[in-house]
Amino acid sequence: DQQVKQNSPSLSVQEGRISILNCDYTNSMFDYFLWYKKYPAEGPTFLISISSIKDKNEDGRFTVFLNKSAKHLSLHIVPSQPGDSAVYFCAASDRGRDDKIIFGKGTRLHILP
Amino acid sequence: NAGVMQNPRHLVRRRGQEARLRCSPMKGHSHVYWYRQLPEEGLKFMVYLQKENIIDESGMPKERFSAEFPKEGPSILRIQQVVRGDSAAYFCASSQGGGSNTEAFFGQGTRLTVV
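Sequences listed follow chains A and B, in order.
If you count the first sequence from 1, position 28 lands on 28 in the working numbering, and the numbers rise without skipping.
If you count the second sequence from 1, position 60 lands on 1060 in the working numbering, and the numbers rise without skipping.
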């Protein structure tokens, strides 16, 4: 049973435009959400997170939006740059239960020149 | 402040041998997670440990796999009698835990190849 779902395996976006990566979750107890970026042959690196008490968190070019009623979050990257080409993982945690972090399957983002 | 250190980076084992993967968490982190990534797949949760305790091992295969995080020293993921299907990248992450807002930091991974 996949609790964190990233339904788009890949996404291509023109350089300079906005990249929007989507994520859905099923467990209503999740209260902390994270996005990680991964290059080939490297470990994932943390990008940005959001607590369930917020609906938006911004850090430079990266903004995460959380819609609790829809159990949906999205990562916006604007403007997109060539170095943003990577696999992006959405993750979630139920901190009231434990700190286990559950990951989605990832979305491969290609930034086109 | 060193990050999460995993070794070895690459490990080759013959079928039936044992594989031992090591993970040293970031300084001050008492929570360790192990994930497996198969080719073309995402990060699959295996086990979550705190010092000397296994908190959640629901993602670990019931046989041949074990993990520990002793009071002193690194966390160890041990795979006995490896089979070809164990070939994957194994990632360790650490966090402060305790319900804080800190994220988990990942190591570079160990790529296990079973021949």
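Where a beta carbon is used, it is the ideal one built from N, C-alpha and C, also for glycine.
Being a predicted model, the structure only gives us computed values, none of them experimental.
Segment contact: the region 73-81 of chain A against the region 1083-1099 of chain B, fewer than three CB-CB distances shorter than 8 Å; contact not assigned.
T26 of chain A is not bridged by DSSP to any residue. The bridge partners DSSP lists for K37 of chain A are A:T45, A:Y88.
Under the Cβ criterion (8 Å, minimum of three pairs), the region 97-108 of chain A does not count as touching the region 1007-1021 of chain B.
Put simply, the region 48-68 of chain A does not touch the region 1033-1042 of chain B. Fewer than three CB pairs are less than 8 Å apart.
Residue nearest to A1088 of chain B within the set B:H1010, B:Q1050, B:C1023 is B:H1010 (criterion: CA-CA distance). At a cut-off of 8 Å, the C-beta of E1072 of chain B has no neighbouring C-beta in chain A. The straight-line gap separating the alpha-carbon atoms of K1071 of chain B and K1051 of chain B is approximately 6 Å. The region 20-31 of chain A makes no contact with the region 41-48 of chain A: fewer than 3 CB pairs, one atom from each, lie closer than 8 Å. B:I1079 is the residue among B:I1079, B:I1055, B:Y1048 whose C-alpha sits nearest the C-alpha of R1014 of chain B.
Straight-line measurement puts the Cα of G83 of chain A at about 21 Å from the Cα of Q6 of chain A. Checking the DSSP bridge columns, you'll see N67 of chain A partnered with A:H72.
The secondary-structure analysis by DSSP pairs N1053 of chain B across a beta bridge with B:Q1050. Think of a sphere of 8 Å around the beta carbon of E1103 of chain B: the chain A residues whose beta carbon falls inside it are L34, F46, S49, in chain order. Taking a beta-carbon distance threshold of 8 Å, Y1048 of chain B counts as an interface residue toward chain A. Within chain B, the residues placing a beta-carbon under 8 Å from that of D98 of chain A are Y1048, I1055, D1056, ordered along the chain. For D59 of chain A, the enclosing beta strand (DSSP E) covers residues 56-59. Within a 10 Å sphere around the beta-carbon of L66 of chain A sit 16 or more other beta-carbons, which makes this residue buried. Under the DSSP assignment, M1005 of chain B falls in the beta strand (DSSP E) whose first and last residues are 1005-1007. From the beta-carbon of G60 of chain A, no residue of chain B is found nearer than 7 Å; the closest lies around 16 Å away.
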